[in-house]
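Since the structure comes first, as structure tokens, the remarks are kept for the end.
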Amino acid sequence: MDVLYYWKDVKADMAAGHIGWFRSSRGKLSELSESYPDRIWVIKTPIGKKGSVQLLACLRWSDKAAVKVPVVDVQSTIFYDPAHVQSMWFEGSDSDEAIEMTSKWLREHFSAAVRANFQGDNGIHALRGDTLRQLEKISQNFATRPFLTEKVS
Numbered sequence: 002m003d004v005l006y007y008w009k010d011v012k013a014d015m016a017a018g019h020i021g022w023f024r025s026s027r028g029k030l031s032e033l034s035e036s037y038p039d040r041i042w043v044i045k046t047p048i049g050k051k052g053s054v055q056l057l058a059c060l061r062w063s064d065k066a067a068v069k070v071p072v073v074d075v076q077s078t079i080f081y082d083p084a085h086v087q088s089m090w091f092e093g094s095d096s097d098e099a100i101e102m103t104s105k106w107l108r109e110h111f112s113a114a115v116r117a118n119f120q121g122d123n124g125i126h127a128l129r130g131d132t133l134r135q136l137e138k139i140s141q142n143f144a145t146r147p148f149l150t151e152k153v154s
């Protein structure tokens, strides 16, 4: 099982050094943790394209902080390992074709999240089975680079 996470302020968070963790509700984190997730697939809304999403990154889930993080409520924090070999940015996922492909997939599987503008728990979902396989197939269209690089798409 993997996790889909909507990262609204990726550039601001990266610039502020918010690396290695995401906020979540306690209930959602508990629900996800019970299934032992492997990866976190990160999406965002491209500037000027409301209702569309871009596949940004795939990050390795971690049960504890893998890097130094500020004091956070661990019962409502999703941790990831930014230095793990499986933590990567997707290159080329910002093209119109790529955004349409990812957005179509998201609307098909998570239409309520799109309608709710990814607010709160609507921005975090479990990925399993065919839904996950379809996203993995979409991601194969993109080159990758290690997550711990400076350029943020």
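Read the sequence shown against my numbering and you will find it ends at 154, with the numbers running on by one and no gaps. Ideal Cβ positions, reconstructed from N, Cα and C, are used throughout, including at glycine.
Using beta-carbon positions only, say whether residue i and residue j come within less than 8 angstroms of one another.
i, j, result
"residue 42", "residue 149", "no"
"residue 100", "residue 53", "yes"
"residue 40", "residue 77", "no"
"residue 139", "residue 102", "yes"
"residue 11", "residue 62", "no"
"residue 90", "residue 24", "no"
"residue 7", "residue 143", "no"
"residue 106", "residue 136", "yes"
"residue 47", "residue 14", "no"
Using DSSP with H/G/I as helix, E/B as strand and the rest coil, what is residue i?
i, result
"residue 129", "coil"
"residue 8", "coil"
"residue 16", "helix"
"residue 55", "strand"
"residue 115", "helix"
"residue 99", "helix"
"residue 104", "helix"
"residue 123", "helix"
"residue 94", "coil"
"residue 138", "helix"
Of the choices the options, whose alpha-carbon is the least far from that of residue i?
i, options, result
"residue 92", "57, 10, 25 and 135", "57"
"residue 65", "112, 82 and 50", "82"
"residue 84", "114, 21, 7 and 55", "21"
"residue 133", "18, 38, 31 and 19", "38"
"residue 55", "117, 97 and 29", "97"
"residue 19", "69, 34, 30 and 112", "69"
"residue 116", "130, 71 and 51", "51"
"residue 108", "9, 44 and 16", "44"
"residue 31", "112, 131, 122 and 130", "122"
Going by DSSP, what residues sit across from residue i in a beta bridge?
i, result
"residue 82", "61"
"residue 147", "89"
"residue 3", "128"
task = List in chain order: all unbroken alpha helix (DSSP H) runs of 4+ residues lying wholly within the stretch 20-52.
result = 27-34
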